[in-house]
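The sequence shown lines up with residues 19 to 93 when you count with the working numbering.
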Amino acid sequence: MEKYLNLGGNSGIAAYEIGVDSITVQFNDGSIYLYNYQSAGKENIEHMKKLAVAGQGLNSFIMRKVRKSYATKLR
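Now the structure itself:
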C-alpha cells in the first residue's frame, strides 16, 4: 500500500492501493476496506483514485458519498 499524503492534515486515512477497477483504503484505526466499481460505481471509484493520488479529500469524499458502499472489509 502507498502512504496517503494527507495534505489537509486531518485525514482518517493512512494508506491506499489502486487497482484497475478498485481502490483499497486503510484507515488510521487499521481497518482496511475494498471499494470497487460494483460496490460504489465507476465514477466514484475513479474520483477516489484521483483524490488518493492528490493526497487530499479522500476521507471526506468517502464519508459523504460511499461510506457503506464497500465491497468487503479486509481487516
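All C-beta atoms, glycine included, are put in the ideal place defined by N, C-alpha and C.
Quick caveat: nothing in here was measured; it's all calculated off a predicted structure.
Where G26 and L69 are concerned, what is the direct C-alpha to C-alpha distance, given to the nearest angstrom?
-> Cα to Cα, the separation comes out at about 12 angstroms.
Is it right to say T90 is buried, meaning 16 or more other beta carbons lie within 10 angstroms of its own, or is it exposed?
-> Burial call: exposed.
Using the Cα positions of T42 and Y22, report the straight-line distance between them to the nearest angstrom.
-> Distance between the alpha carbons of T42 and Y22: 12 angstroms.
Spatially closest choice to I63 from G75, V84, F45 and G48, by CA coordinates = Nearest C-alpha to I63: V84.
M81 to V38 span [Cα, whole Å] | Distance between the alpha carbons of M81 and V38 is about 22 angstroms.
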